[in-house]
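J.: The following block contains the structure, expressed as structure tokens.
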Amino acid sequence: MRESLRPRGEALRSAARRIAVRRTEEPRTPLVEIITEAARHFDLSPSEEQMLLSDLLSGGEETSAP
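Whatever position you read off the sequence shown (first residue = 1), add 74 for the working numbering.
What follows is the structure, given as structure tokens:
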């Protein structure tokens with residue numbers, strides 16, 4: 075059984091913070107790419123990544139750069 079040293083939900087919160095920072099620093103990078111990278115970096119589960127994608131892309135955000 076794999077145990078994490080992080081409190082439950084901390085990886086998801088950290089990923090959300092990273093996404094917000096990257097969106098500010100790199101506004102031309104597609105949001106879906108930023109979310110995917112953050113999910114990998116913080117070792118999110120597929121369901122956590124899907125939740126971020128659903129929540130953050132539901133506002134009509136573009137999934138690719140113009």
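Think of the CB as a built atom: it goes at the ideal place given N, C-alpha and C, for glycine as much as any other residue.
1) When you compare only the Cα positions, how much space is there between Ala89 and Glu99?
2) Take Arg87 as the anchor and find which of Leu131, Leu118, Val106, Ser128 has the nearest alpha-carbon.
3) Report the rounded CA-to-CA distance for Ile93 versus Ile109, giving the unit in angstroms.
4) Within its chain, find whatever has a CB closer than 6 Å to the CB of Glu122; leave out the 5 residues flanking it on each side and keep chain order.
5) Can you determine whether any heavy atom of the ligand NAD sits closer than 8 Å to the C-beta of Asp117, and answer yes or no?
T.: Short version:
1) By one-based count along the sequence shown, residue 89 stands at place 15. By one-based count along the sequence shown, residue 99 stands at place 25. If you take the alpha carbons of Ala89 and Glu99, they lie about 15 Å apart.
2) Position 13 of the sequence shown, counting from 1, holds the residue named residue 87. Of the listed residues, the one whose Cα sits closest to Arg87 is Leu118.
3) For the purposes of this step, residue 93 is taken as residue 19 along the sequence shown, with counting starting at 1. For the purposes of this step, residue 109 is taken as residue 35 along the sequence shown, with counting starting at 1. When rounded, the distance between both Cα atoms is 6 Å.
4) If you number the sequence shown from 1, residue 122 lands on position 48. Contacts found: Leu86.
5) Within the structure as shown, the ligand NAD is missing, as the structure has no ligands at all.
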